[in-house]
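**Q**
In our numbering, the protein residues as written are 17 to 514.
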């Protein structure tokens, strides 16, 4: 759809059960070319059909198909066009997303924890559907230092974190893994944070175990500004394993979770570090999850999992909107929540956690919370490997320190299949691409599983080239390659089908 050597964003294909309703104005808007922030221009003309604060719905001129694009990823010129075109738009009738549209999505960079949309879904296609042993290793690199940071991608470069004498923010070439630059972030133990890259401003952000937060020039590594969560916000963690979140970019803001009574969450100017707002909340230490954006209940909000459970905070001013504590454990609340429409699914491990689906609705200036279902920890829970939503089904590794593959109907909470024993052992980190699930087990085993609610089907597995300890860093799939960080090392596998 959009052409350039380095594709940037995920575009989903949407099918219709009935005709699209057009603009309520007398004449529909014209078909025109669109462009992303990074300069990728659409190869066909597209017509604006619908827009929300987050998504733009467009119709292709050549075949009438509908696509959706995150509004924040469009060029400045297209943002201005959307402002001028903002008028009453009728709803798109009976829109139904058939799947995650793997077959029609284009390749994307991976600029943040769990991908472009923070959901663990890669738009890559044309990938191997069966593994007979390990795929070919294109390159490996070492010297990254210790830590559980995964990797992110932007503009032909890889970013991660590691500890040598100090904790560093690291930039590598995506061609061969060679070092481009590294910038000191701070002290403390081995880092858990996966960096965030902002494509528009060419800035990259990293967070140390001790709460040192650094913004650097993504091209050179030059430090631009920094904060310290405990010193600047009175921040505190729920337990002693250190700060772990991957910061969220939303327009000109960067959203952080320092924790503590003064600022469980904070919004800063992404270029300068100036504080825009903070969210006071009593007894709200930071958890290990990363925030996501939701429009649930008609209020734009940031949702995350902190020490006291799930919370929602108004994007406009940081006002606390709601709180749900039933799935919270007392050790470490880790998985990034899943948001879909007015629904939020959360899960946590460590014995006293559990899982729940919440429905959010507008109540005056706030949000009301309805518990659709709650599942105790002996039914299913996710430790820290993450979850993916494909269609109406959630896939994850079930159990504390187990990672047994399981498939759950999100709306009902019923188990479609599993938990299965799986190919490896220990907690399992999970992403999805091209109709398959990629499970990375704590003991260094990587497994390929069909992404289908009809049943568990293992399509192959292999042991990571070298296992330097617990393999907790989440896998990443970009440009038909599988990237696996293993403490001091990073391995790049060729998983293209041809």
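Here a beta-carbon is modelled for each residue, glycine too, at the ideal position from N, C-alpha and C.
Bear in mind the structure is a predicted one, so any value in this text is a computation, not a measurement.
Which residues does DSSP list as the beta-bridge partners of residue 340?
**A** 326
**Q** Between the C-alpha atoms of residue 246 and residue 232, what's the straight-line distance to the nearest angstrom?
**A** 20 angstroms
**Q** Give a yes or no on whether the C-beta atoms belonging to residue 387 and residue 376 are separated by under 8 angstroms.
**A** no
**Q** Excluding five sequence neighbours on each side, which residues of the same chain lie with their C-beta closer than 8 angstroms to the C-beta of residue 342?
**A** If you ignore the 5 residues before and after residue 342, its C-beta comes within less than 8 angstroms of the C-beta of 325, 370, 372, 387 and 390, all in its own chain and listed in chain order.
**Q** Can you round the beta-carbon distance between residue 497 and residue 480 to whole angstroms, since I take them to be within the 8 angstroms contact cut?
**A** About 15 angstroms separates the two Cβ atoms, so there is no contact after all.
**Q** Nearest CA to the CA of residue 526: which residue from 456, 250, 166 and 311?
**A** Shown here, the chain extends from 17 to 514; a query on residue 526 therefore has no answer.
**Q** How big is the Cα-Cα spacing for residue 135 and residue 265?
**A** 15 angstroms
**Q** Mapping DSSP to helix, strand and coil, what is residue 512?
**A** strand
**Q** Give me, in chain order, the residues of the same chain whose beta-carbon lies closer than 6 angstroms to that of residue 485; leave out the 5 immediate sequence neighbours on both sides.
**A** Closer than 6 angstroms at Cβ, skipping near neighbours: 503.
**Q** Within its chain, find whatever has a CB closer than 7 angstroms to the CB of residue 184; leave out the 5 residues flanking it on each side and keep chain order.
**A** Contacts found: 161, 177, 178, 198, 199, 200 and 201.
**Q** I'd like to know if the stretch 136 to 153 and the stretch 276 to 287 are in contact, where contact means that at least 3 CB-CB pairs between them fall below 8 angstroms.
**A** no
**Q** Measuring only the C-alpha atoms, how far is residue 452 from residue 363?
**A** 22 angstroms
**Q** Can you list, in chain order, the residues of its chain whose CB lies under 7 angstroms from that of residue 432, leaving out five sequence neighbours each side?
**A** 409, 423, 424, 425 and 469
**Q** Could you pull out every residue in the same chain whose Cβ sits closer than 6 angstroms to the Cβ of residue 281, ignoring the five residues on either side in sequence?
**A** 273, 295 and 329
**Q** With a threshold of 7 angstroms on Cβ separation, who are the neighbours of residue 283 within its own chain once the five nearest residues in sequence on each side are excluded?
**A** 269, 271, 292, 293 and 334
**Q** Under a three-way DSSP split, which group does residue 272 fall into?
**A** DSSP places residue 272 in strand when its eight states are reduced to three.
**Q** Taking only runs that begin and end inside the stretch 186 to 256, name each unbroken beta strand (DSSP E) of 3 or more residues, in chain order.
**A** 195 to 202, 212 to 214, 219 to 223, 228 to 233 and 239 to 244
**Q** Please classify residue 450 as buried or exposed, where buried requires at least 16 neighbouring CB atoms within 10 angstroms.
**A** buried
**Q** On the criterion of 16 or more Cβ atoms from any shown chain inside 10 Å, does residue 73 qualify as buried, or is it exposed?
**A** buried
**Q** Name the one or two DSSP bridge partners that residue 457 has.
**A** 444
**Q** Quick check: what's the CA-CA separation for residue 507 versus residue 187?
**A** 15 angstroms
**Q** CA-CA distance, residue 318 and residue 393?
**A** 26 angstroms
**Q** Return the residue from the list 399, 359 and 398 that minimises the CA-CA distance to residue 384.
**A** 359
**Q** In its own chain, which residues sit with a C-beta less than 6 angstroms from the C-beta of residue 180, not counting the 5 before and 5 after it?
**A** 161
**Q** What residue does the alpha helix (DSSP H) around residue 96 start on, and which one ends it?
**A** 92 to 101
**Q** Less than 6 angstroms between C-beta atoms, sequence neighbours within five positions excluded: which residues of the same chain meet that for residue 463?
**A** 439, 455 and 477
**Q** Give the list of continuous beta strand (DSSP E) stretches no shorter than 3 residues that lie fully inside the stretch 379 to 459.
**A** 382 to 392, 398 to 406, 409 to 414, 420 to 425, 431 to 433, 444 to 449 and 452 to 457
**Q** Considering only C-alpha positions, which residue in the set 71, 101, 88 and 89 is nearest to residue 48?
**A** Measuring from the Cα of residue 48, the nearest candidate turns out to be 101.
**Q** Measuring CB to CB, does residue 340 end up less than 8 angstroms from residue 421?
**A** The answer is no: Cβ separation not under 8 angstroms.
**Q** On a Cα-Cα basis, can you pick out the residue from 95, 65, 75 and 152 that is closest to residue 514?
**A** 152
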